[in-house]
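Colleague: Adding 5 to a residue's 1-based position in the sequence shown gives its number in the numbering used here.
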Amino acid sequence: MIYSDQNLAYLELLKTQQSAHKRNTRVIGVVSLFVFLLTLGTGMLRGLGSREVYLLAGLNVVLVLSFVMAWVRLEVVSQNISLITNLTLIANHK
C-alpha cells in the first residue's frame, strides 16, 4: 500500500527530528543549569545588588524559556510519532 510506505518514510523523518530535539533540549538544559549555578555563585560573592547578578538572572530567564520551548517541541514530535505509528497499525489491519 502506498500510504503505508509514505507513513513509514514520515515516521523515519519524525524519529530523526526527535533525536535532534532531544539533543537540543539536553544542551539548553545543561547551559541553563550552568548559568543558574553561575548566578548563584556571583550572587553569593558579590551580593544581590550587583549588575552582574541581574544580567545573569535575565539570561537565566531566557534560557529557561528556551528549554521549555525545546521540551514542548520534543513532546510534539513524540506524540506525532505515536500518532503515525497507530495510524499505520490501523491501516495495516484493514
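Quick reminder that beta carbons are idealized off the backbone N, C-alpha and C, glycines included.
In whole angstroms, give me the CA-to-CA distance for residue 37 and residue 62.
Modeller: Translated into the one-based positions of the sequence shown, residue 37 becomes position 32. Translated into the one-based positions of the sequence shown, residue 62 becomes position 57. Looking at the two C-alpha atoms, the distance is approximately 11 Å.
Colleague: For residue 34, name the three-state secondary structure that DSSP assigns.
Modeller: By one-based count along the sequence shown, residue 34 stands at place 29. Helix at residue 34.
Colleague: In whole angstroms, what is the alpha-carbon distance linking residue 18 and residue 30?
Modeller: Within the sequence shown, the letter at position 13 stands for residue 18. Within the sequence shown, the letter at position 25 stands for residue 30. In a straight line, the C-alpha of residue 18 is about 18 Å away from that of residue 30.
Colleague: If contacts are defined as beta-carbon pairs under 8 Å, then residue 96 and residue 9 qualify, I think. What distance do you get, rounded to the angstrom?
Modeller: As a first step, residue 96 is located in the sequence shown; it is residue number 91 there, counting from the start. As a first step, residue 9 is located in the sequence shown; it is residue number 4 there, counting from the start. Confirmed, Cβ separation roughly 6 Å.
Colleague: Is residue 45 buried or exposed, if buried means 16 or more other CB atoms sit within 10 Å of its CB?
Modeller: Within the sequence shown, numbered from 1, the residue matching residue 45 stands at position 40. It is exposed - the Cβ of residue 45 has fewer than 16 other Cβ atoms within 10 Å.
Colleague: Buried or exposed, going by whether 16 or more other CB atoms sit within 10 Å of the CB of residue 88?
Modeller: Here residue 88 refers to the residue found at position 83 when the sequence shown is read from its first residue. Label assigned to residue 88: exposed.
Colleague: According to the Cβ coordinates, are residue 68 and residue 35 closer than 7 Å?
Modeller: Residue mapping note: residue 68 aligns to position 63 of the sequence shown, counting from 1. Residue mapping note: residue 35 aligns to position 30 of the sequence shown, counting from 1. Going by C-beta atoms, residue 68 is not nearer than 7 Å to residue 35.
Colleague: Give the DSSP-derived three-state secondary structure of residue 46 in the structure shown.
Modeller: Start at 1 with the first residue of the sequence shown, and residue 46 comes out as number 41. Reduced to three states, the DSSP call for residue 46 is helix.
Colleague: For residue 33, which residues in the same chain have their Cβ closer than 7 Å to its Cβ, ignoring the five residues on either side in sequence?
Modeller: By 1-based counting over the sequence shown, the position of residue 33 is 28. So the list reads 68, 71, 72 and 75, once near-sequence residues are dropped.
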